[in-house]
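Asker:
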Amino acid sequence: MVRKLIAGNWKMNGSVSFASELVGGLLTRIEQEDVSADFVVCPPAALLGSVLALTKNTKLSVGGQDCHENVSGAHTGDTSAELLKNVGCQYVLTGHSERRTDHGESNADVRAKSKAALNAGLVPIICIGETESERVSGNTLKVIEEQVVQSLPDEADPNQIVLAYEPVWAIGTGKTATPDDVAEVHNFIRGLLVSRFGDEPAQKINILYGGSVKPSNAAELLAVSNVDGALVGGASLKVEDFWAIGVR
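Going letter by letter, the sequence shown gives residues 94 to 341 in my numbering.
#1: List the residues that DSSP assigns as beta-bridge partners of residue 265.
#2: From this set, 233, 321, 107, which residue's C-alpha is nearest residue 139's C-alpha?
#3: Would you identify the three-state DSSP class for residue 179, choosing helix, strand or coil?
#4: Fully enclosed by the stretch 111 to 172, which alpha helix (DSSP H) runs are 4 residues long or longer?
#5: Taking one C-beta from the stretch 255 to 263 and one from the stretch 298 to 318 each time, how about it: are there three or more such pairs within less than 8 Å?
#6: Which residue's Cα is closest to the Cα of residue 298: 331, 308, 285, 153?
#7: To the nearest angstrom, how far is it from the Cα of residue 334 to the Cα of residue 220?
#8: For residue 323, does the count of other Cβ atoms within 10 angstroms reach 16, so buried, or fall short, so exposed?
#9: Within a Cβ cutoff of 6 Å, which residues of the same chain sit near residue 294, ignoring the five residues on either side of it in sequence?
#10: For residue 271, which of 313, 234, 287 has the nearest alpha-carbon?
#11: Check residue 217 in the structure and name its three-state DSSP category.
#12: Based on the DSSP secondary-structure assignment, which residues constitute the bridge partners of residue 97?
#13: Counting C-beta neighbours from all protein chains within 10 Å, is the total for residue 116 16 or more, i.e. buried, or is it exposed?
#14: Have a look at the DSSP bridge pairing and note the partners of residue 300.
#15: Could you pull the start and end residues of the beta strand (DSSP E) that residue 323 belongs to?
#16: Can you list, in chain order, the residues of its chain whose CB lies under 8 Å from that of residue 238, leaving out five sequence neighbours each side?
#17: With distances taken between CB atoms, is the gap from residue 320 to residue 279 smaller than 7 Å?
#18: Could you tell me whether any Cβ in chain C is nearer than 7 Å to the Cβ of residue 102?
#19: Can the beta-carbon of residue 154 be found less than 7 Å from the beta-carbon of residue 133?
#20: Would DSSP call residue 194 helix, strand or coil?
#21: Do you know how far the Cα of residue 166 is from the Cα of residue 274?
#22: Can you give the beta carbon distance from residue 174 to residue 145, rounded, assuming they're within the 8 Å contact cut?
#23: Report yes if the CB atom of residue 157 is closer than 7 Å to the CB atom of residue 177, and no otherwise.
#24: What three-state label does DSSP hand residue 109 in the structure shown?
#25: Cβ of residue 254 within 7 Å of Cβ of residue 308?
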């Protein structure tokens, strides 16, 4: 039984004043309450400095939203995993559906970025999930298997990776997979990890659920078999909502 992980993806939202208010609110609650989950926030790159300054020597972790597969070089606008680690990040998202869709990232790209994260000492939160057309056509598990197998680097350490299942059709749409839908996919993912790493190591890997997670449905979703936390989008932008999701 792994400790729950609640990760907030701010996407391209926020400001310096917003970050100060939200992080301050979270830290107040973390310091005052004995919680059974770990929290991480993933702000836009431009806000990482502000957020990291606020969270230094606290129990609130910080992650980047993406990283480049190379350590350095002529890659204007990109950020290396080494740089994220150097400034104080502990996590980085890789393979989010918005990166796969908006930037054409393939499973091979996600694999390379996840490898770079591991090499830098970051924990990659490797995102996977099917589109609505793939689900309707009955290919959900086929797509998930391809993404898991092809996105995990050979060097993957069960103690240093996190997976996040986010059905693309449920991200920012208000739609949420049913508990049965989530259980089917999460149990399937766990089985793939057991095949890859063995039973005991595979049980140490957090498998997060994401896709319109909010306080009103979080308890039900987090109670599902093999759901070890949540990757939260819109609800992570409000202190009370984000906190309510993790404190169960």
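Just so it is clear, CB atoms sit at the ideal spot from N, CA and C, and this is done for glycine as well.
Answerer: Short version:
#1: Residue numbering aside, residue 265 sits at position 172 when the sequence shown is read from its first letter. Listed as beta-bridge partners of residue 265 by DSSP are no residues whatsoever.
#2: By 1-based counting over the sequence shown, the position of residue 139 is 46. Of 233, 321, 107, the smallest CA-CA separation from residue 139 is found for 107.
#3: Against the sequence shown, residue 179 aligns to sequence position 86. Helix, per DSSP.
#4: Those alpha helix (DSSP H) runs which fall completely within the stretch 111 to 172 and span 4+ residues are 141 to 148.
#5: Enough Cβ pairs lie closer than 8 Å, so yes.
#6: Here residue 298 is taken as the residue at index 205 of the sequence shown, counted from 1. The residue with the shortest Cα to Cα distance from residue 298 is 285.
#7: Along the sequence shown, one-based indexing puts residue 334 at 241. Along the sequence shown, one-based indexing puts residue 220 at 127. Going by C-alpha positions, residue 334 is about 22 Å away from residue 220.
#8: Mapped onto the sequence shown, residue 323 falls at position 230. In summary, residue 323 is buried, with 16 or more beta-carbon neighbours lying within 10 Å of its beta-carbon over all protein chains present.
#9: Within the sequence shown, the letter at position 201 stands for residue 294. Excluding the 5 residues flanking it on each side, residue 294 has same chain C-beta neighbours closer than 6 Å at 251, in chain order.
#10: Position 178 of the sequence shown, counted from the first residue, corresponds to residue 271. With respect to the C-alpha of residue 271, the residue from 313, 234, 287 having the closest C-alpha is 313.
#11: Taking the sequence shown and counting its residues from 1, the one referred to as residue 217 is at position 124. The answer is strand: DSSP assigns residue 217 an E or B state.
#12: Here residue 97 corresponds to residue number 4 of the sequence shown, with the count starting at 1. Beta-bridge pairing links residue 97 to 130.
#13: As a working note, residue 116 is residue 23 in the sequence shown. Buried: at least 16 other Cβ atoms inside 10 Å.
#14: Numbered from its first residue, the sequence shown carries residue 300 at position 207. Residue 300 pairs with 256.
#15: To locate residue 323, count along the sequence shown from 1; it is residue 230. Unbroken beta strand (DSSP E) run through residue 323: 322 to 325.
#16: Counting from 1 along the sequence shown, the entry for residue 238 is found at position 145. Correct list, in chain order: 281, 285.
#17: Taking the sequence shown and counting its residues from 1, the one referred to as residue 320 is at position 227. Taking the sequence shown and counting its residues from 1, the one referred to as residue 279 is at position 186. Residue 320 is a Cβ neighbour of residue 279, given a cutoff of 7 Å.
#18: Protein chain content of the structure displayed is limited to a single chain, and chain C is not contained in it.
#19: Numbered from 1 along the sequence shown, position 61 holds the residue referred to as residue 154. Numbered from 1 along the sequence shown, position 40 holds the residue referred to as residue 133. With respect to the 7 Å criterion, residue 154 and residue 133 are classified as neighbours on the basis of their beta carbons.
#20: Numbered from 1 along the sequence shown, position 101 holds the residue referred to as residue 194. For residue 194, the three-state secondary structure derived from DSSP is helix.
#21: To locate residue 274, count along the sequence shown from 1; it is residue 181. To locate residue 166, count along the sequence shown from 1; it is residue 73. C-alpha separation (whole angstroms): 43 Å.
#22: Counted from its first residue, the sequence shown places residue 174 at position 81. Counted from its first residue, the sequence shown places residue 145 at position 52. Their Cβ separation, rounded to whole angstroms, is 15 Å, which puts residue 174 and residue 145 out of contact at 8 Å.
#23: The residue labelled residue 157 in the question sits at position 64 within the sequence shown. The residue labelled residue 177 in the question sits at position 84 within the sequence shown. Against a cut-off of 7 Å, the Cβ pair of residue 177 and residue 157 comes out as a contact.
#24: The residue given as residue 109 occupies position 16 in the sequence shown. Note: residue 109 maps to helix in three-state DSSP.
#25: As a position in the sequence shown, residue 254 is number 161, starting the count at 1. As a position in the sequence shown, residue 308 is number 215, starting the count at 1. At least 7 Å separates the beta-carbon of residue 254 from that of residue 308.
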